[in-house]
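Counting from 1, one number per residue, gives the positions in the sequence shown under this note's numbering. Each residue gets a CB set at the ideal place from its N, CA and C atoms; glycine is no exception. Here is the structure we will look at, set down as structure tokens.
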Amino acid sequence: TQRVFSGIQPSGGLTLGNYLGAMKRFVDMQGQDYETIYCMVDLHAITVWQDPAKLRHATRELCAGFIAAGIDPEQSILFNQSAVPEHAQLAWIFNCVARMGWMQRMTQFKDKAGKNAQNASLGLFAYPALMAADILIYHATHVPVGEDQKQHLELTRDIATKFNHDYGVDFFPITEPVIEGAATRVMSLRDGSKKMSKSDPSDASRINMTDDADTIAKKIRKAKTDPDALPSEAKGLENRPEARNLVNIYAALADMSVEAVLKDAGGKQFSEFKPILSELAVAKLAPISTEMARLTQDAGEIDKILDRGAERAREVAAPILKKTYEIVGMVGA
Ligand code: TYM
């Protein structure tokens, strides 16, 4: 079978980048010939300190976000990472397979740890080994993510290859990253060279999935642009990162290609294009944020969905962990 796995950290709110780069694509894959497994990666979130009450809230809100965006918890398996202990158990094995040098090359670690890497948690350093375990504990074959996760997925392939080689088995699959569509890298609305991120100090740099219609419209109106009209072909967006970003966002929201967007919008000034983009963004995002807020209120119902998801996830994960322990030589596995 073709099995899809992906995860999102419950650390703060969801951004338009998370939605277009990941969640919307999770929904697209759900309808197809895949078994789909989606996870709130709370163990990853605590690689930097999280307030426990906020972590609980963010996990439930993220679960509500998945459902509001179109993930059906019957059709897909939807759960939080810590509820399936096999993730952490396999991660330990992978800590012993991955090499220090591989981890040191991870650009996300370097970015997140900053200048004072000695003070970063050991968990932040080992983060990609846990991510490999998330994927491989299900023998997932396809992993939809945004562009920023590409290096981690290459490491996942390296870990699978080295494990198979070291133990002389053909056990873990070599996973395919699925980095597709117009919005694999949604950029900051204030700076076209920076990724849109929930950790950016400026709230105006991002659209949050919880923003109301007026806030979305205001942020798009104020988004940085250049003074030229939109080009009529994609190559006209070269060296225009802010223009490219807004066109990419439009294309992803409308399920259109960039070329098709520019066929209509080519020649328009931003003063004309921005209101059209705002209208589309509000039309697509407002129903999701309303539903997300409604679902978040019923924590009991969310917890039931997560419990059931974790139970189904464990049915897949437990035999794969057992087999891994046997391969490695653990007595009693
Ligand atoms: P996280 O929580 O930072 O982001 C979740 C997903 O959103 C994508 N994304 C973006 N896509 C386009 N433009 C952006 N500006 C943008 N910002 C975020 C990310 O690429 C990601 O797909 N390490 C992962 C979580 C994870 C995971 C996994 C993913 C843990 N285990 C196993 C896949 C498979 C992360 O921190 O994502």
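By Cβ distance, which residues of its chain are closer than 7 Å to residue i, with the 5 residues on each side in sequence left out?
i    : result
F79  : C39, L306, G309, A310, A313
W141 : Sequence check: residue 141 is Thr here, not Trp. Once the five neighbours on either side are set aside, the close Cβ partners of T141 are Q2, R3, P173, T175, E176.
N116 : none
I71  : F26, V27, Q30, Y38, L78
N18  : I8
V145 : S6, A22, L153, P177, I179
Is residue i near residue j, with beta carbons less than 9 Å apart?
i    : j    : result
S6   : V186 : no
R3   : H139 : yes
M256 : L16  : no
I151 : T184 : Going by the sequence as given, residue 151 is Gln instead of Ile. Not closer than 9 Å, so no.
A68  : L130 : no
V13  : E61  : The identity of residue 13 in the sequence shown is Gly, whereas the question assumes Val. Yes, they are a contact pair.
I93  : V247 : no
Q341 : A45  : Outside the modelled stretch of the chain, which goes from 1 to 333, sits residue 341, for which no answer is possible.
V251 : A260 : Residue 251 is actually Ala in this sequence, not Val. Yes, these two residues count as a Cβ contact at 9 Å.
F273 : A286 : no
V48  : S11  : yes
L262 : S232 : yes
T156 : I135 : yes
Q269 : A217 : no
In whole angstroms, give me the CA-to-CA distance for residue i and residue j.
i    : j    : result
I401 : Y127 : In this structure the chain extends from 1 to 333, so residue 401 is not present and cannot be described.
R355 : K219 : Any property of residue 355 remains undetermined from this structure, which presents the chain solely from 1 to 333.
I137 : A58  : 24 Å
A293 : L20  : 19 Å
D111 : L124 : 11 Å
D28  : V331 : 43 Å
G31  : S76  : 10 Å
P319 : I37  : 16 Å
A299 : D211 : 21 Å
D226 : G267 : 14 Å
D42  : A281 : 29 Å
A234 : A182 : 12 Å
N387 : G192 : Given that the chain is displayed from residue 1 to residue 333, the structure contains no residue 387 and the question cannot be resolved.
D214 : A133 : 41 Å
N239 : D148 : 20 Å
F171 : Y325 : 12 Å
L237 : E279 : 22 Å
A243 : F109 : 30 Å
V169 : E315 : 23 Å
Q89  : K322 : 10 Å
My output table needs one value for residue i: the three-state DSSP class, helix, strand or coil.
i    : result
H142 : strand
T210 : coil
V178 : strand
N239 : coil
F172 : coil
V4   : strand
Y250 : helix
K195 : strand
T107 : helix
Y38  : strand
M187 : strand
I137 : coil
I71  : coil
T59  : helix
L14  : coil
N119 : helix
D46  : The amino acid at residue 46 is misidentified as Asp; the sequence shows Ile. In this structure, I46 counts as coil in the three-state DSSP scheme.
L124 : helix
L78  : strand
T225 : coil
R157 : helix
K322 : helix
Closer than 6 Å by C-beta to residue i: which residues in its own chain qualify, once you throw out the five before and the five after it? Chain order, please.
i    : result
A317 : V84, E86, I137
V97  : I159, K162, F163
A223 : L189
M23  : A69
A120 : A113
E291 : A68
Y34  : Q2, V4
Tell me whether residue i counts as near the ligand GTP, meaning its Cβ is closer than 8 Å to at least one heavy atom of that ligand.
i    : result
L189 : Annotation note on the ligand GTP: not contained in the displayed structure, which lists the ligand TYM as its ligands.
Keeping to the same chain, check which residues put their C-beta closer than 8 Å to that of residue i; ignore five residues upstream and five downstream.
i    : result
K194 : M187, S188, D200, S205
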